[in-house]
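Enquirer: Here it is: the structure, laid out below.
Numbering (this note's numbering), first residue to last: 25 to 101.
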């Protein structure tokens, strides 16, 4: 579109497996550590998983999000 500049970003989905924080893959941990924003399902994932996130990362619980608001977060990130 004229007047709009494309912004390139990256969205990574990390599976929680059985839910224990110590069972996430090494690549999953690295993705969480380097994320600017972590969108997580608090009802499905143990909160210890968030210990891998950087102190500066924005943490968002997806429980109350609509699809539209989730996509907006992905775009912002």
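Heads up, the beta-carbon is just placed ideally off N, CA and C, and yes, glycines get one too. If you're wondering where the values come from, they're calculated on a predicted model, not measured in any experiment.
Going by beta carbon distance, what residues of the same chain come within less than 6 Å of residue 72, once the five residues before and after it are set aside?
Expert: Looking up residue 72 in the chain shown gives position 48. Correct list, in chain order: 45.
Enquirer: Of all Cβ atoms in chain B, is any one closer than 8 Å to the Cβ of residue 71?
Expert: You won't find chain B in this structure, because it holds only one protein chain.
Enquirer: Any idea if residue 76 is buried or exposed, counting beta-carbon neighbours within 10 angstroms, 16 or more meaning buried?
Expert: The residue labelled residue 76 in the question sits at position 52 within the chain shown. Classification of residue 76: buried, given that the 10 Å Cβ count is 16 or more.
Enquirer: Quickly, what does DSSP pair residue 54 with across the bridge? List them, please.
Expert: Residue numbering aside, residue 54 sits at position 30 when the chain shown is read from its first letter. Paired residues: none, contrary to the question.
Enquirer: Could you pull the start and end residues of the beta strand (DSSP E) that residue 95 belongs to?
Expert: Here the question's residue 95 lines up with position 71 in the chain shown. Unbroken run through residue 95 is the alpha helix (DSSP H), 91-100; no beta strand (DSSP E).
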